[in-house]
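Trainee:
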Amino acid sequence: LLLLLLQLLALPAGRGNRTGPDSLYVSEYFSQSAQKLSFYSWYGNAKLFHFHVPEDTVLLRWLLQASRGKGPECTNMEITVHFRYGAPPVINPLGTRFPANATVRPSYNISITLSSPVQNTTFVNITTPAAGDWFIAAHLPEAAGRIEVKGFSTPCPYMFQADMFVLRLTEMPVLQPGVAMPQTIVSPAKPLHVKVFIPKHATGMRFELRSCVTSEQKACAVRVVLGSITLPQSFQRIITCVGNVNCSLALDSPPWEKWLQIMVESLGTANASVSVEMLASFTACRAGSTSSFLNFSSLNQSQAGPRPGSSALPTGEASRNASDQRSFCLQYQPVVREDLDVVSVRYRLLNGPSVPVHSISPTLLLLNLNTGMDSGGSLVVNLLLNKTSVSLANATVVACVTAASPVLSLNATQNCSTAFFQGYPLSMSTSSAEAMLIVLYPQTDDWFLSLQLVCPKGQGECNAAEAKVTVFAYLTPCFNDCGPYGQCSLLRRHGYLYAGCSCKAGWGGWSCTDDTKAQSVGAQNLATLLLTLSNLMFLPAIAVAVYRYYLVEASVYTYTMFFSTFYHACDQPGVAVMCIMDYDTLQYCDFLGSVVSIWVTILCMSKVKKILKYVLFVLGTLLIAMSLQLDRRGVWNMMGPCLFALVIMIAAWVYHGVKRRHCYPSSWKRWVFYLLPGITLAFIAISVYAFMETNENYYYTHSIWHVLVACSVAFLLPPRDKHKKPWAWSQKLTCRYQICQNDREELYAVT
């Protein structure tokens, strides 16, 4: 394994051994079990892999292994693999629309083509990756939409496995703020890695590289890379320093309370070493907020419920805060994180839902999403401006949502970006007082909401102005619960949970808001009527069974018609739905009635003795009920009883034919007008059910299946026994004496 790691990571000689005295690098290997890929129709079809990259990692290499089966059903296939840092990748293979106000940034992806059964191996290298959670999602192309009966066809297995190799430094040098640190770059093949810790409330960072000297006394040429790579977007800052002139780089709003990795590599000749001196300095910010006593007082007040006419702050305290805000570069608003359920969080402001916004310093709200289990949902931020609170009609409230660090200069540049993150801007005014933002799968981090008042003629006219903005922020598994035409499903990969929307009735999109291929309400009503009313075709079969004295069979057909009707009424997407009981119960009863109907019909055709027939009825029904509980959609749950009943029927017919010395059934009319049409209808029904149904034509192909099966039953039921007369209610309901006749009367002698 060590030789494999050395080969894959291409480690420098003598650097990969953990036990060596001069060990600088440590190689680590992480693997997850292979997963069977699926054709894509919604996010649940994508197979997710979750890895954690350790700190001080300088090289990351993904080993992607894909393979397919060897059967004739396996064809050339293209696998799409998506990568993202901090959260599962947001993908859109079907090209559908996202919900309004949702932020979408294309994921980084590659394609792997499988053209032979030989395993395909692909490497993806990332230098200086960001430490933390990394996600990989893999899937096949769009699903064809054909409904395949389990057991009729064997799908080709496409397998995918992702392994991660990392190379990290055991003791990365730490650059202390304000302290110059001399370092030497041995060769261009061995770049220098250092790190610096960014404190909280840092508004800016300045990095300087000076005293650059080469061993060959030539012009110094180095390249400096600040930050780590994150996918799909990377915001590394790169500068190239040439000569002995000092070079520097300034960063605005660097990530708070995180290690920033710095890589310096030589651009000179291979044998020349480079000596440099590095210096990092920070500018800090003084943050203002309400006192702890007031926070606890507001918390108790919010838990007890707001009182009419109550205020978040006393008058004296509010005036004191207004006079002191000039000395702060930002104003904190205390926020409480309230966990409601899995991937469900509500953020509650202690001083009430409305926050004051000024022009001198931004108002800041912290939205904590760093538990590691929050990235599988959607972060929703809704802002509402109180128009009466704004004294200036042309003033604008500018907001920015960022991760890792806030934007503190909205009034100057109105640029919603930090050193290593592109934020999400929002704005409100008296003409447009509401703003909404939906962040799909927010990355694991501390998120910040910055708000500031901006005036077009300059900040002078806004100094005394104040705006009230109502903030609603929450984390939900699925935005708007996927709407009326979708179902929010909680997905799991090992211990990691995330959510996705499964759409119905032709609707699509991330939150089932894309109505490009949606069914109209009329089409939904038509589908429900076809699938339910087509079961009424069992009425002729029931009438024939009752007329011919097959009362048990008639009761089974009635049971099947009832539960099939109400199961399909409950199974419909959209608005045309009616469920008289639990969906799973209706589905089980529908499947049970369908298989038992076939079972009793074929046994009735076999013309075995009544006692044996009823024993087989009960025993077969019990076995069918057991098999459906084990695998409800297996093809052998239907084919098994059918084949066994056919064997019994053929054996009984052969027995009757041998006994009577002629073909059974003996009447050619029975064959031509009943058996052959019934068998033909049954074969057509099975063909439609097994090979023609798709998601788009299901409502009429399955209705045809109902009609054909019910009609075939009416044709296949055998005639009544010759000794039984037809139903005559005038003879059955009489009050006079009658002479009873029994063609099979047996006499017993009593002694």
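Residue numbers for the sequence shown, in mature numbering (1 follows the signal peptide of the UniProt record, and there is no 0): -16 to -1, 1 to 735. C-beta atoms are modelled at their ideal positions from N, C-alpha and C, and glycine is treated no differently. The structure displayed is predicted, hence computed values, not measured ones.
Identify, in the order they occur along the chain, each residue of the same chain with its Cβ nearer than 7 Å to the Cβ of residue 793, setting aside the five sequence neighbours on each side.
Mentor: In this structure the chain extends from -16 to 735, so residue 793 is not present and cannot be described.
Trainee: Using DSSP with H/G/I as helix, E/B as strand and the rest coil, what is Cys588?
Mentor: Cys588 falls in the helix class under three-state DSSP.
Trainee: Quick one, which of Met545, Ser548, Ser343 and Val619 has its alpha-carbon nearest Cys446's?
Mentor: Checked all of Met545, Ser548, Ser343 and Val619; the closest Cα to Cys446 is Ser343.
Trainee: Measuring alpha carbon to alpha carbon, tell me which residue in Tyr92, Cys58 and Trp26 is nearest Pro141.
Mentor: Among Tyr92, Cys58 and Trp26, the Cα nearest to that of Pro141 belongs to Cys58.
Trainee: Helix, strand or coil for His690 per DSSP?
Mentor: Looking at His690 - three-state DSSP - the assignment turns out to be helix.
Trainee: Do the segment 262 to 272 and the segment 410 to 424 make contact, defined as three or more Cβ pairs closer than 8 Å?
Mentor: Because the criterion of three Cβ pairs below 8 Å is not met, the segment 262 to 272 and the segment 410 to 424 do not touch.
Trainee: Helix, strand or coil, according to DSSP, for Pro409 in the structure here?
Mentor: Note: Pro409 maps to strand in three-state DSSP.
Trainee: Which whole-angstrom value describes the C-beta separation of Arg190 and Ser232, a residue pair presumed to lie in contact below a C-beta threshold of 8 Å?
Mentor: The pair is a contact, with the Cβ atoms about 6 Å apart (cut-off 8 Å).
Trainee: Do the CB positions of Ala51 and Gln103 come within less than 7 Å of each other?
Mentor: For clarity, residue 51 is Ser in the given sequence; the question names Ala instead. Contact flag set, yes.
Trainee: Is Asn230 helix, strand or coil by DSSP?
Mentor: Looking at Asn230 - three-state DSSP - the assignment turns out to be coil, as it is neither helix nor strand.
Trainee: Suppose the cutoff is 8 Å on Cβ atoms and the five residues either side in sequence are ignored; what does the same chain contact list for Arg616 look like?
Mentor: The answer, listed in chain order, is Gln571, Tyr572 and Phe575.
Trainee: What three-state label does DSSP hand Met633 in the structure shown?
Mentor: Of the three classes helix, strand and coil, the one that applies to Met633 here is helix, per DSSP.
Trainee: Could you give the DSSP three-state label for Ile96: helix, strand or coil?
Mentor: If DSSP states are grouped into helix, strand and coil, Ile96 belongs with the strands.
Trainee: Mark Leu660 as exposed unless 16 or more other C-beta atoms lie within 10 angstroms of its C-beta, in which case mark it buried.
Mentor: Counting Cβ neighbours within 10 Å, Leu660 comes out exposed, since fewer than 16 surround it.
Trainee: With Glu126 and Tyr24 assumed to form a contact (beta carbons below 8 Å), what rounded beta-carbon distance in angstroms separates them?
Mentor: Yes, they are in contact, since the Cβ atoms of Glu126 and Tyr24 sit about 6 Å apart, within 8 Å.
Trainee: Quick test of your reading: Leu153 and Tyr13, contact by CB under 8 Å. State the CB separation rounded to the nearest angstrom.
Mentor: In fact, because the Cβ distance is near 17 Å, the residues do not count as touching under 8 Å.
Trainee: Given a cut-off of 7 Å on the beta-carbon distance, is the pair Asn60 and Ser99 in contact?
Mentor: Yes, Cβ-Cβ distance for Asn60 and Ser99 is below 7 Å.
Trainee: Just verifying my parser: in three-state terms, what is the DSSP assignment at Asp147?
Mentor: Looking at Asp147 - three-state DSSP - the assignment turns out to be strand.
Trainee: For Ser307, does the three-state DSSP call read helix, strand or coil?
Mentor: Low per-residue confidence applies at Ser307: pLDDT is 46, beneath 50, and the placement is therefore not dependable, though the value from the model is reported in the following sentence. DSSP places Ser307 in helix when its eight states are reduced to three.
Trainee: Can you tell me whether residue 743 is helix, strand or coil according to DSSP?
Mentor: Any answer about residue 743 is impossible in this case: the structure gives the chain only from -16 up to 735.
Trainee: Can you check which of these residues, Met247, Lys597, Lys202 and Ala205, is closest to Ser212 by C-alpha distance?
Mentor: The residue with the shortest Cα to Cα distance from Ser212 is Met247.
Trainee: Count the CB pairs spanning the segment 549 to 556 and the segment 509 to 517 that are closer than 8 Å, and state whether there are at least three.
Mentor: At 8 Å Cβ cutoff, the stretches touch.
Trainee: Of all the alpha helix (DSSP H) runs that stay within the bounds of the segment 307 to 368, which reach a length of 4 or more residues?
Mentor: Qualifying alpha helix (DSSP H) stretches: none in this window.
Trainee: CB-CB under 7 Å to Ala529, same chain, minus the five flanking residues each way: which ones, in chain order?
Mentor: Closer than 7 Å at Cβ, skipping near neighbours: Glu537, Ala538, Tyr541 and Leu701.
Trainee: Quick one: using the 10 Å Cβ neighbour count with 16 as the cut-off for buried, is His36 buried or exposed?
Mentor: The residue in question, His36, is exposed, as its Cβ has fewer than 16 Cβ neighbours within 10 Å.
Trainee: Does DSSP put Phe181 in a helix, in a strand, or in coil?
Mentor: Residue state, collapsed to three classes: strand.
Trainee: With burial defined as no fewer than 16 other Cβ atoms inside 10 Å of the residue's Cβ, what is the status of Cys647: buried or exposed?
Mentor: Exposed, because fewer than 16 other Cβ atoms sit within 10 Å of the Cβ of Cys647.
Trainee: Output the boundary residues of the alpha helix (DSSP H) element that contains His552.
Mentor: Unbroken alpha helix (DSSP H) run through His552: Leu535 to Cys554.
Trainee: In the structure shown, what three-state DSSP assignment does residue 784 receive?
Mentor: Residue 784 cannot be examined here, being either before or after the span of the chain that is shown, -16 to 735.
Trainee: Are at least three pairs of beta-carbons, each pair with one atom in the segment 376 to 394 and one in the segment 315 to 332, less than 8 Å apart?
Mentor: No, the segment 376 to 394 is not in contact with the segment 315 to 332.
Trainee: Near Glu62, what residues of its chain come up, given a Cβ to Cβ distance below 6 Å and the 5 sequence neighbours on each side ignored?
Mentor: Once the five neighbours on either side are set aside, the close Cβ partners of Glu62 are Ser95 and Thr97.
Trainee: Do residue 736 and Ala451 have their CB atoms nearer than 7 Å?
Mentor: Residue 736 lies beyond the range of the chain shown here (-16 to 735); nothing can be said about it.
Trainee: Which residue comes first and which comes last in the alpha helix (DSSP H) that contains Lys31?
Mentor: Element bounds for Lys31: not the alpha helix (DSSP H) but the beta strand (DSSP E), Lys31 to Val37.
Trainee: Considering only residues of the same chain and omitting the five flanking positions on each side of Val693, which have a CB-CB separation below 6 Å?
Mentor: Correct list, in chain order: Ala669.
Trainee: On the three-state DSSP scale, how would you describe Leu193?
Mentor: The answer is strand: DSSP assigns Leu193 an E or B state.
Trainee: Is Met156 closer than 7 Å to His177 when the C-beta atoms are compared?
Mentor: Yes, these two residues count as a Cβ contact at 7 Å.
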